[in-house]
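Step one of this worksheet: look at the structure below.
There are 2 protein chains.
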Amino acid sequence: MLRDEIYDQGKRARKAARVMASLRVTQRNEALRWMADALMSHQESIIAENKRDLAAGEKAGLSAALLDRLRLDHARIESMAQGLLKLIDLPDPVGQTDRMFQRPNGLEIGKVRVPLGVVGMIYEARPNVTVDAAGLCIKTGNAVLLRGGSSAEHSNKILSSVIAQAAEKAGLPPGCIQSIESTDREAVGIMLTMNQYLDVLIPRGGGSLIQHVVNHATVPVIETGTGVCHAYVDEEADLTMAVDIVNNGKTQRPGVCNALETVLVHRSVASKFLPMLEKKFKEQNVVIRACETSAQYLEECESATEEDYATEYLDYIITAKVVDDIHQAMDHIAAYGTHHSDVIITASYAKARMFLAEVDSAAVYVNASTRFTDGEMFGFGAEIGISTQKLHARGPMGLEELTTYKYVIYGNGQIRE
Amino acid sequence: MLRDEIYDQGKRARKAARVMASLRVTQRNEALRWMADALMSHQESIIAENKRDLAAGEKAGLSAALLDRLRLDHARIESMAQGLLKLIDLPDPVGQTDRMFQRPNGLEIGKVRVPLGVVGMIYEARPNVTVDAAGLCIKTGNAVLLRGGSSAEHSNKILSSVIAQAAEKAGLPPGCIQSIESTDREAVGIMLTMNQYLDVLIPRGGGSLIQHVVNHATVPVIETGTGVCHAYVDEEADLTMAVDIVNNGKTQRPGVCNALETVLVHRSVASKFLPMLEKKFKEQNVVIRACETSAQYLEECESATEEDYATEYLDYIITAKVVDDIHQAMDHIAAYGTHHSDVIITASYAKARMFLAEVDSAAVYVNASTRFTDGEMFGFGAEIGISTQKLHARGPMGLEELTTYKYVIYGNGQIRE
Numbered sequence: 001m002l003r004d005e006i007y008d009q010g011k012r013a014r015k016a017a018r019v020m021a022s023l024r025v026t027q028r029n030e031a032l033r034w035m036a037d038a039l040m041s042h043q044e045s046i047i048a049e050n051k052r053d054l055a056a057g058e059k060a061g062l063s064a065a066l067l068d069r070l071r072l073d074h075a076r077i078e079s080m081a082q083g084l085l086k087l088i089d090l091p092d093p094v095g096q097t098d099r100m101f102q103r104p105n106g107l108e109i110g111k112v113r114v115p116l117g118v119v120g121m122i123y124e125a126r127p128n129v130t131v132d133a134a135g136l137c138i139k140t141g142n143a144v145l146l147r148g149g150s151s152a153e154h155s156n157k158i159l160s161s162v163i164a165q166a167a168e169k170a171g172l173p174p175g176c177i178q179s180i181e182s183t184d185r186e187a188v189g190i191m192l193t194m195n196q197y198l199d200v201l202i203p204r205g206g207g208s209l210i211q212h213v214v215n216h217a218t219v220p221v222i223e224t225g226t227g228v229c230h231a232y233v234d235e236e237a238d239l240t241m242a243v244d245i246v247n248n249g250k251t252q253r254p255g256v257c258n259a260l261e262t263v264l265v266h267r268s269v270a271s272k273f274l275p276m277l278e279k280k281f282k283e284q285n286v287v288i289r290a291c292e293t294s295a296q297y298l299e300e301c302e303s304a305t306e307e308d309y310a311t312e313y314l315d316y317i318i319t320a321k322v323v324d325d326i327h328q329a330m331d332h333i334a335a336y337g338t339h340h341s342d343v344i345i346t347a348s349y350a351k352a353r354m355f356l357a358e359v360d361s362a363a364v365y366v367n368a369s370t371r372f373t374d375g376e377m378f379g380f381g382a383e384i385g386i387s388t389q390k391l392h393a394r395g396p397m398g399l400e401e402l403t404t405y406k407y408v409i410y411g412n413g414q415i416r417e
Numbered sequence: 418m419l420r421d422e423i424y425d426q427g428k429r430a431r432k433a434a435r436v437m438a439s440l441r442v443t444q445r446n447e448a449l450r451w452m453a454d455a456l457m458s459h460q461e462s463i464i465a466e467n468k469r470d471l472a473a474g475e476k477a478g479l480s481a482a483l484l485d486r487l488r489l490d491h492a493r494i495e496s497m498a499q500g501l502l503k504l505i506d507l508p509d510p511v512g513q514t515d516r517m518f519q520r521p522n523g524l525e526i527g528k529v530r531v532p533l534g535v536v537g538m539i540y541e542a543r544p545n546v547t548v549d550a551a552g553l554c555i556k557t558g559n560a561v562l563l564r565g566g567s568s569a570e571h572s573n574k575i576l577s578s579v580i581a582q583a584a585e586k587a588g589l590p591p592g593c594i595q596s597i598e599s600t601d602r603e604a605v606g607i608m609l610t611m612n613q614y615l616d617v618l619i620p621r622g623g624g625s626l627i628q629h630v631v632n633h634a635t636v637p638v639i640e641t642g643t644g645v646c647h648a649y650v651d652e653e654a655d656l657t658m659a660v661d662i663v664n665n666g667k668t669q670r671p672g673v674c675n676a677l678e679t680v681l682v683h684r685s686v687a688s689k690f691l692p693m694l695e696k697k698f699k700e701q702n703v704v705i706r707a708c709e710t711s712a713q714y715l716e717e718c719e720s721a722t723e724e725d726y727a728t729e730y731l732d733y734i735i736t737a738k739v740v741d742d743i744h745q746a747m748d749h750i751a752a753y754g755t756h757h758s759d760v761i762i763t764a765s766y767a768k769a770r771m772f773l774a775e776v777d778s779a780a781v782y783v784n785a786s787t788r789f790t791d792g793e794m795f796g797f798g799a800e801i802g803i804s805t806q807k808l809h810a811r812g813p814m815g816l817e818e819l820t821t822y823k824y825v826i827y828g829n830g831q832i833r834e
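Read top to bottom, the protein sequences are chains A and B. First residue of the first sequence: 1, per this note's numbering; consecutive thereafter. First residue of the second sequence: 418, per this note's numbering; consecutive thereafter.
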């Protein structure tokens, strides 16, 4: 039975997690090195398995973009291996004492970082997530149960088996890296309610995958991803800077969650700013969906609907809306945003402060591109995803976000009166 | 329609939360003072409403213990008011910058504590939770939507209306404290999936309530409560200290989650320790459910079943089991524990360290009573519950655990290359 199989994997992961929690960082780092070496020495077989996925994908009519995401070549395998090696140099959050204090009765209480335990990853096309996520989990002393997309079935299978074997050879407990082999959708359903074996689920992929996990999981979830990000061009904005930031946010890489989807423009600069923006966007083939007022200042545009305001295009499309002031801009963001990343472009000290204080998003910017919401760009050295919820972690999640804490209490016979 | 009503409350709460997030702590503290005053000046009507609940409870045959939990008198109302006033003096976590750093491109990134937003509380009999939870949420800049148990219907209704009116008079936004008046169970179901209006759900009460919330909520949940807590009496334990700690853990207040449910005894001290413990427990009328080996050393006991090992008695009953060594003790805790609070009693430095490192619970003790797992005892000054999950918060949750963070990013035109 599929359920029994997956529960057995869960049980093994839980057992491995207990051992992982006591390993020293040198052992975890050593395993990362072995995993990287193993990837490099298995390149040919990885590429061969990847070809099977590519062939199946072509047959199934996957788009060129999706096929490209799926493709593994020598350079990409080396880059995954490099990613593992890079983790070795990052500081280890595990065992760090966040604080330690003494109570009047003499109890000494320490708050100590520990691994989460078993992390469940559910993800889609990119096979590199298999390696990245496993590496991050191993570095932080967690066991991981991986469930990749069926379009990368053979790639994921060989990648996880290569790194799992290497980790075990390096002395890590068997079961610390496992992947679910069945491509049956039911497998996801089983993971979602496997509370006794999974401490957290991290879904990565499109909006419908993430919503499915959020709606059906009883295991605690870290919601990642969806970003309807806004730029508000204030009346006191440097308009050239504003064009650069909006253009960068939209076009530097439109298919990602921290890309811009909407530009809000103060009424008093709309007639000047929107034509400047349109000129830049014409070079980049960006389609503007404009509110009625914006449309007056644009040569070419489509009409924005209510639905557009809430849409994550992930494409060369942007919504433009004219607002009366910063308050209306912030109301719009509160109504349609996804609490991901939003930016104000302004020269006003007061409005910068107001926007930073009042916009309720994981990353709130003044005069910079929202494309910086990223573990690498924030200097975390690694990232397992970008959280759009408020519990546990918000924004880019690095190593520390893959840990929790426990209280350790040193007594000498204290009892409660 | 009930759903429309509750969604309207959610909408008002969300709106209030936006305002709350920008209030200064002096305003929030002022509201707490008004709320305390209002409780004191409405004592008679609160007691009158409470009498209606008590009468209904008696009629419904509630136990004396439950009726006592339900009862409000002058002393208890004053104690609730004092609780609100005590919050005023606690340091405000909101606005605190956890860290601030600069990136090579000149971006300055700050990680700043902010309120969670809207907190949903679902709880059972005790009406004081209404006031405690609202106070904690107001102090931390959150809006709160309360849903108490139907047995305290009239008490909760007047308490929440008295403090909500006081908060509003003190200048807080309307809707920052609301309670759901319908006693229909459907109301809970509606709250559980109100993701657009609730940022977190905190259930407080019995195991079945908490499980219901965990199993059906799509809103992120902080699981609180269930504690199958263990004491392991090591072969190197001071046995007199061990008796005191086990007795305190079991009998000082048996009905709470940090009370002990199981004592694990090293084989080599079982013959000496168990009779000592039995003597003490006879004075306290504690029933011992013993494993076969333990039973040999006890005059009177019942037989422990597999089910007992996993049971949170919340009563004058304890399971006793003899183990071969610390490893078997830790295996038992891993198999049957709820990751709440566990203690080793030992004089061995090495075993104390091993237990602290390897037991995966929110609070792990050496030589002290598990009854200290409590916000008050930890010195947090206040507590909204004790988390038994690993995401966001673990163990006693004070003010900081009712906040999250956001990144504020100061740029001067940075775009991503």
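For every residue, glycine included, the Cβ atom is placed at its ideal position computed from N, Cα and C. Since the model is a prediction, treat every value here as computed from it, not as a measurement.
Query	Result
Chain-ordered residues of the region 97-123 of chain A with a beta carbon less than 8 Å from chain B	Phe101, Arg103, Leu107, Ile109, Val114, Leu116 and Gly117
Residue environment, A/Val199, which counts as buried when at least 16 other CB atoms sit within 10 Å	Note that residue 199 of chain A is Asp in the sequence shown here, rather than Val. A/Asp199 should be labelled buried.
Sequence-distant residues of the same chain with beta carbon closer than 6 Å to B/Ala780, five excluded per side	Ser758, Thr790 and Gly812
Residue range of the unbroken beta strand (DSSP E) whose run includes A/Lys111	Glu108 to Pro115
Boundaries of the alpha helix (DSSP H) in which B/Ile580 is found, first to last residue	Glu570 to Lys586
Buried or exposed by the 16-neighbour rule on C-beta atoms within 10 Å, applied to A/Gln389	buried
Under 9 Å between C-beta atoms of A/Ser268 and A/Glu235	yes
Classification of B/Asp712 by the beta-carbon crowding that lies within 10 angstroms, buried from 16 upward	Contrary to the premise, residue 712 of chain B reads as Ala rather than Asp in this sequence. It is buried - the Cβ of B/Ala712 has at least 16 other Cβ atoms within 10 Å.
Cutoff 9 Å: B/His749 Cβ touching any chain A Cβ	no
Whole-Å CB distance - B/Leu816 paired with B/Ala799, under 8 Å assumed	6 Å
Chain-ordered neighbours of B/Thr821 on chain A, where CB pairs are closer than 8 Å	Lys390, Leu391 and Arg394
B/Ala438: contacting residues in chain A (beta-carbon distance under 8 Å)	Ala357, Glu358 and Asp360
Cβ-based burial, B/Thr839 [other Cβ within 10 Å; buried from 16]	Residue 839 of chain B is absent from the structure shown; chain B starts at 418 and stops at 834.
Neighbour-count burial assignment, A/Lys169, 16 or more Cβ in a 10 Å radius	exposed
Inter-stretch contact (C-beta, 8 Å, three-pair minimum) for the region 317-336 of chain A and the region 275-295 of chain A	yes
Per-residue contacts from A/Thr218 into chain B (C-beta, under 7 Å)	Val631 and Asn632
Where B/Ala676 meets chain A, residues with beta-carbon distance less than 9 Å	Going along chain A, no residue has its Cβ under 9 Å from B/Ala676, so there is no contact; the nearest lies around 10 Å.
Interface flag, B/Glu640 vs chain A, CB-CB below 9 Å	yes
Opposing strand residues paired with B/Ala542 [DSSP bridges]	BP columns for B/Ala542 are empty, so no partner.
A/Val366 - DSSP class collapsed to helix/strand/coil	strand
Where B/Ile619 falls: helix, strand or coil (DSSP)	strand
A/Ser294 (DSSP reduced to helix, strand or coil)	helix
Inter-residue CB distance, B/Ile839 and B/Ser778 (contact presumed, cutoff 8 Å)	With chain B covering 418 to 834 only, the question about residue 839 of chain B has no answer from this structure.
Range covered by the alpha helix (DSSP H) that runs through B/Tyr500	One detail in the question is off: residue 500 of chain B reads as Gly in this sequence, not Tyr. Looking at the DSSP string, the run of the alpha helix (DSSP H) that includes B/Gly500 is His491 to Asp506.
Cβ of A/Gly379 within 9 Å of any chain B Cβ	yes
Reduced DSSP secondary structure (H/G/I, E/B, other) of B/Pro510	coil
B/Met658 at chain A interface by Cβ criterion, 9 Å	yes
Three-pair Cβ contact test at 8 Å for the region 633-648 of chain B versus the region 604-611 of chain B	yes
Outcome for A/Ser369 when other beta-carbon atoms lying within 10 angstroms are tallied against a minimum of 16	buried
Min CB distance A/Val408 to chain B below 9 Å	yes
Residue environment, A/Pro104, which counts as buried when at least 16 other CB atoms sit within 10 Å	exposed
Neighbouring residues, chain B, relative to A/Asp244 (Cβ below 9 Å)	Gly830 and Ile832
Residue span of the alpha helix (DSSP H) that contains B/Tyr753, given as start and end	Ile743 to Tyr753
Supposed contact pair A/Leu145 and A/Ala134 - C-beta distance, whole angstroms, cut 8 Å	So it is not a contact: roughly 10 Å between Cβ atoms.
Simplified DSSP state of B/Pro813, which is helix, strand or coil	strand
Within-9 Å CB hit, A/Asp199 to chain B	yes
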